[in-house]
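I have placed the structure first, in the form of structure tokens, so that the comments after it can refer back to it.
Protein chains: 2
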Amino acid sequence: MLKQYFPILVWGKNYGRASLTNDLIAAIVVTLMLIPQSLAYAMLAGLPPQVGLYASMLPLIAYTIFGTSRTLAVGPVASGSLMTAVAVGNIAAQGSFDYYLAAISLAFISGLILVVMGFFRMGFLANFLSHPVISGFVIASGILIAAGQLKHILGVRGSGQNLIEISLGLIPQLGKISQPTLLVGVAVICYLVLMRMHLKSLLLRLGVNPRVAGIMLKSSPVLAVVITTLVSWRYSLDAIGVRIVGSIASGLPPFTMPSFDPDLWRSLAGSALLISVIGFVESVSVAQTLAAKRRQRIIPDQEMIALGTANIASALSGGFPVNGGFARSVVNFEAGAETPAAGAFTAIGITAAIIFLTPILFFLPQATLAATIIVAVLSLIDPGVIKRTWIYSKSDFAAMLATIMLTLLEGIVTGILSGVALSLLIHLYRTSRPHFAIVGQVPGTEHFRNILRHKVVTSLTVLNLRVDESLYFPNARFLEDTVQNLVAQNPAIRHVVLMCAAVNSIDASGLESLEAINARLRDSDVKLHCSEIKGPVMDQLQRSHFLEELTGKVFLSQYEAFAALDPQAAKMAMEQRHSHQIAGN
Amino acid sequence: MLKQYFPILVWGKNYGRASLTNDLIAAIVVTLMLIPQSLAYAMLAGLPPQVGLYASMLPLIAYTIFGTSRTLAVGPVASGSLMTAVAVGNIAAQGSFDYYLAAISLAFISGLILVVMGFFRMGFLANFLSHPVISGFVIASGILIAAGQLKHILGVRGSGQNLIEISLGLIPQLGKISQPTLLVGVAVICYLVLMRMHLKSLLLRLGVNPRVAGIMLKSSPVLAVVITTLVSWRYSLDAIGVRIVGSIASGLPPFTMPSFDPDLWRSLAGSALLISVIGFVESVSVAQTLAAKRRQRIIPDQEMIALGTANIASALSGGFPVNGGFARSVVNFEAGAETPAAGAFTAIGITAAIIFLTPILFFLPQATLAATIIVAVLSLIDPGVIKRTWIYSKSDFAAMLATIMLTLLEGIVTGILSGVALSLLIHLYRTSRPHFAIVGQVPGTEHFRNILRHKVVTSLTVLNLRVDESLYFPNARFLEDTVQNLVAQNPAIRHVVLMCAAVNSIDASGLESLEAINARLRDSDVKLHCSEIKGPVMDQLQRSHFLEELTGKVFLSQYEAFAALDPQAAKMAMEQRHSHQIAGN
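As structure tokens, this is what we get:
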């Protein structure tokens, strides 16, 4: 019981020297990567840079205690930071104390929601964010984030929460572009893009181990930070209009308390729920993927609790919402992290950074951070997914497109909720007009297939009907109509066999329809049979009078039904194998 | 094409003398039943009595032309009248011209909605009213209607749209009860209840044909109308406080036009949609049931058009919303109606009544009409359905209970919409945690069943997994977790076969999950196979890369998969039949 909620008790018991070494190495690599990321994402969220570092300390310790993934690396992430900026920006002015307090409270509420959901095993709710909706969200929020960072690259002021507002905000500023800032920003972007395109293959050609090459690539922003900071300090770029990070409060994170103002909670609740659920989905996907590579297991409901405590820890130590980051976790994994202890060591690394490095980062240009954000989010955008979805399923494509367009034009919350609602409506529409197939026996087997797609044996007097959906209220009447029409068209039919292999449940409306079908067929002297009814469905039917009223029988398999109702046809079908086999031999 | 929209062209061609006689007899019986019903339902809708007769003339002619049911009898019905009173009562004061105009407009808008929905084949939308929601609605609206009519039985004033308002409105009036009115009302209720309980068995014992006995029972309100009218006239009951129907405008219905005020349309649109859909569901259920008894067919989408034109006809001739009535259609059927012409003849009968009978109905006590309404709606309430639903399915019961309680306390619209929403949420929750079964071969057959419920043959190296749900976003991750856990628990497994007989569709999220499962199993040296993939699902998978990436094969049947992957186990299972058969012989 205790071990269920404290996975550290499981892996901590056998923690040894070898694991310690590996975890320490991974922690150093992740720390190097996390420092610029933390500063950048704090800027994206509209918060002072040190807040990003605060969010990379205590939350990592919390995840080490409660997390079930061995390699998930927690901290501020791009989408969460953007959502924080939007949610908090509606409540207070950026830079004010109220803005900071609201961000802390948002982390606290998100954390609370996650812990409660995890405790009550409500992780399944995250599944309602379908794959097309998440892909659409990643694409649209990537575009929004990149567009929002343009002002830092251009060295102008700007604001806005959707693409139109951001564009309209930038246009009047185009005359005021700071050319030194633009130079720094474009140089960093070019450097990062070149690294992504060529560094890995270059290193491989130089004989570097591929794993190490991957880690070096992910750490390349550190070099950009170091060089642009040095240039900015040496040539006093701030004097010619390049905005710099400035003084970062150094020292350990403060103890902070969220606000408990009910009005604030009400206005943050919706955003907090969305940040929680989206963050959870992102984290769990990464964690699952990495766990599978080592045949490990993660427990989604416990992951909710772990991410929840990480967010509460963030709120109590001056941070903002956190969750598992994709690139960061992959680096952690590839750098050899074996246990969540690597996260705790990373937290120590960040603590060292905040104490010793903050004076040095004073001259870091904001354009450098903006450039790292832009390259990071745009690299997450995979245009191929749009094409693949279009080819695979038009309805999934519709949900994705709605999510992208509405996120860009109306904001993240509207975009995601519309995508989810559309996905559900499409599903309900589809199940309300289910697929039906008249089936026949595949020669030489006991298997039954659609007469339109396979060469099968059928019978004049027995109608074998496969229903390809659970019987529930949106499609109940459809089944009635289908059976009635088929029987009206084929006067020779004496038996209808409903093959229920695809019927996973029958609700009260479905039962009513079955009873109506049974009664109507009885009036026309046709018997109704069922085959392949599954256990859970059978359990339910036994609590009604349907099985007593049924004019025909319930058969274990469709073959058994066919063999009983038209033995000649079934025998003929079976013999076709024999002749076929003899011919084949 | 023309015949599709004008079914009268089909049955009218062979219309002969025999059909004419039968239709005429049925029309006379239905007319006798319809006169008191029309007056009563107009009163229930808060409209002058003649409006009920208007609604029983032109709409019937329209249905004769467009309807596909041979025996559905159209006209004002209890639930539609109550919904009219609620919808129009929110807009204008009862008795005002605006109230009447709004009622006419409501019929027009409902008719328009039905015609458009029928034309665009949107009849499937009606299926979203599940059986428990409709049962709950019938129960709750029956109680609401009966409670609303109590004021006429007590001879007091009252108002209110939900049970609490109606009760609170009646309590202060209890001191003002009119005893002669109460006497008339209670006498009629007792008479009608006694008739329902004993008339039919009495007539049967006297040797009357059961069909005729049924028709006489349904016509028994006519006698109550005649007697109470005579008593009321002879003893001048109106002078001692018994409210009477009073003067009914006689003569043909006027030509009326609905209002085209956009504000009025906006405020009526929601109610009109609900009246249309509920009326359509009621009508189609009755029509289907009666059509099946004679192996006839009705076409739901064309029924929408027919009911729509009936409502438009009602609006143009001074009437209010109409649809197919249950009791009335059964009487029409049992009285021998053969074609929709019976409806046209009924319309002629009502026309005769409005010309010759209205002066006679002057003294008809309103309490008589209220008593017929109360007995009619309460007889529709079947308490058994509540118990049966409770036993069959707790989730359907929850939807029914929500509909009943919210209809009684918050009104019809809130009640029905909440019931529908709850039904959908329950369905989504259920499909998000689908049933999975590990299956094995049923000895002596090619059939595979759940190892927990059947004696089956399994294999150590092959995991046969049956997924009992379509793979779509709410359950995609659930499948990933399930497969991962099962494989982690059984290290001997080399092959996983997903038996897809119950997988009716795979959306983009489901595909993503399948790809993730395939990749993770490959990392653990386990092959993934699929069996019994249906045609439409296979078509879809072929538009993705999944089938190329699949480490294993796609088998036609689960048996074929098992026989290929563990031939020994499959052979052993087949031989068990032989030994069994020998033992059986």
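Those protein sequences? They're chains V and L, same order as listed.
Residues 0 to 584 in numbering that gives the first Met the number 0 are what the first sequence lists, from first letter to last.
Residues 0 to 584 in numbering that gives the first Met the number 0 are what the second sequence lists, from first letter to last.
Ideal Cβ placement from N, Cα and C applies to all residues, glycine included.
query: Distance CB(V/G318)-CB(V/A72) smaller than 7 Å; result: no
query: Euclidean distance between Cα positions of V/T30 and V/N21; result: 14 Å
query: Own chain partners of L/S258 with C-beta closer than 6 Å, once the 5 adjacent residues on each side are dropped; result: L100 and S104
query: Minimum Cβ-Cβ distance from L/N517 to chain V less than 7 Å; result: no
query: Nearest-angstrom Cα separation, counted from L/T255 out to L/P358; result: 23 Å
query: Minimum Cβ-Cβ distance from L/K292 to chain V less than 7 Å; result: yes
query: DSSP bridge partner residues for L/P382 (one or two, in chain order); result: DSSP lists no partner for L/P382.
query: CA nearest to the CA of V/L306, picked from V/Q287, V/S275 and V/P220; result: V/S275
query: Inter-residue CB distance, L/S621 and V/F472 (contact presumed, cutoff 8 Å); result: No statement about residue 621 of chain L is possible, as the shown extent of chain L runs from 0 to 584 and does not include it.
query: Delimiting residues of the alpha helix (DSSP H) encompassing L/C529; result: Careful: L/C529 lies outside any alpha helix (DSSP H), inside the beta strand (DSSP E) at K526 to S530.
query: Residue range of the unbroken beta strand (DSSP E) whose run includes V/Q586; result: Outside the modelled stretch of chain V, which goes from 0 to 584, sits residue 586 of chain V, for which no answer is possible.
query: Members of the region 126-140 of chain L near chain V, C-beta cut-off 9 Å; result: N126, F127, L128, S129, H130, P131, V132, I133 and S134
query: Euclidean distance between Cα positions of L/V495 and L/A563; result: 13 Å
query: Distance CB(L/S313)-CB(L/P58) smaller than 7 Å; result: yes
query: Partner residues on chain V for L/F477, Cβ-Cβ distance less than 8 Å; result: F123 and N126
query: Completely contained beta strand (DSSP E) runs for the region 439-477 of chain L, where each covers 3 or more residues; result: 447-449 and 461-467
query: L/I247, DSSP secondary structure in three states; result: coil
query: Residues near L/I492 by beta carbon distance below 7 Å, same chain, minus five either side; result: T460, L462, V486 and V525
query: Inter-residue spacing [alpha-carbon to alpha-carbon] between L/A515 and L/L527; result: 11 Å
query: L/V495 (DSSP reduced to helix, strand or coil); result: strand
query: Closest by C-alpha distance to L/D506, when choosing among V/V438, V/T457 and V/A398; result: V/A398
query: V/G458 versus V/L424, V/N489, V/T402 and V/I142, residue with shortest Cα-Cα distance; result: Note that residue 458 of chain V corresponds to Ser in the displayed sequence, not to Gly. Nearest of V/L424, V/N489, V/T402 and V/I142 to V/S458, Cα basis: V/N489.
query: Where V/Y62 falls, given that 16 or more other Cβ within 10 Å makes a residue buried; result: buried
query: V/E337 classed as buried or exposed, judged by whether at least 16 other C-beta atoms fall within 10 angstroms; result: buried
query: Straight-line Cα distance separating L/L510 from L/E468; result: 14 Å
query: Residues that V/K533 contacts on chain L, provided the C-beta gap is smaller than 7 Å; result: D467
query: Alpha-carbon to alpha-carbon, V/S543 and L/R387; result: 7 Å
query: Neighbour list for L/Y53 in chain V, Cβ cutoff strictly below 9 Å; result: Result: empty, since nearest Cβ-Cβ is about 32 Å, beyond 9 Å.
query: CB-CB length for V/V132 against V/I415, believed under 8 Å; result: 6 Å
query: Beta-carbon neighbours of V/E445, restricted to chain L and to distances below 9 Å; result: T444, E445, H446, S556 and Y558
query: Identity of the residues DSSP links to L/V28 by a beta bridge; result: DSSP output for L/V28 lists no bridge partner at all.
query: Rounded C-alpha distance that separates V/L427 from L/H434; result: 19 Å
query: Same chain only: Cβ atoms within 6 Å of V/A569, ignoring 5 sequence neighbours per side; result: F561 and A562
query: Listed by chain order, chain V residues near L/P473 by CB distance under 7 Å; result: N126 and F127
query: In DSSP terms, what V/I505 is bridged to; result: V/L470
query: Beta-carbon gap between V/M498 and V/S523 smaller than 7 Å; result: no
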